[in-house]
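What follows is one structure encoded as structure tokens, with my remarks underneath.
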Amino acid sequence: MHGIYLHHHTVSKEEIDLLGHAGNVHYLEWTLAAATAHSSAAGWDWPRYAQLGAAWVVRRHDLDYRRAAMLGDALTIHTWVSEIRPASSTRRTRIERGAERLFEATTTWAFIDLRRGAPTRIPAEVRDAFTVLEDGP
340 MHGIYLHHHT VSKEEIDLLG HAGNVHYLEW TLAAATAHSS AAGWDWPRYA QLGAAWVVRR
400 HDLDYRRAAM LGDALTIHTW VSEIRPASST RRTRIERGAE RLFEATTTWA FIDLRRGAPT
460 RIPAEVRDAF TVLEDGP
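For the sequence shown, counting from 1, position 55 maps to 394 in this note's numbering; every step adds exactly one.
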């Protein structure tokens, strides 16, 4: 069981926009990368989901940008599952530079049958791989 997962990232030159800070789309990319890494660390990588015939897709993102990430910043991305329902889950993410909070996201994920492209119940083996924590760090 995995609760809060920590993912690390250093802001690269390619992620800097015309305003001189990390472009907004990159925060979302980092959020998704952390979620994928967390799932893999919990034993659920893409090949295992494909074998199961079901996987997660995003239904909704709620994003809150607080401060800008700059070139070379070492970021810590905290991510955790805050709720699991029969065919969906909610994941929360916080991105920090040291003790400074830069970004928060709440993402609703639907668990879908890959053949039908429709929601399906989350099997116990997937559900049990994640610890549900309402509040994070």
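Using N, Cα and C, we set each Cβ at its ideal position, and we do this for glycine too.
Beta-bridge annotation (DSSP): TYR344 is paired with THR418.
Excluding the 5 residues flanking it on each side, VAL471 has same chain C-beta neighbours closer than 6 Å at VAL420, ILE423, in chain order. C-alpha of PRO425 to C-alpha of ILE451: approximately 11 Å in a straight line.
According to the DSSP assignment, HIS377 belongs to the alpha helix (DSSP H) that extends over 363-380. Contact annotation, ARG436 with ASP412: C-beta distance approximately 5 Å; criterion of less than 8 Å satisfied. Contact check for LEU414 and VAL364: beta-carbon distance about 15 Å, past the 8 Å limit, so the pair fails to qualify.
In this structure, the alpha-carbon of SER379 lies about 23 Å from that of ALA457.
Shown here, LEU391 sits in a helix according to DSSP, grouped into three states.
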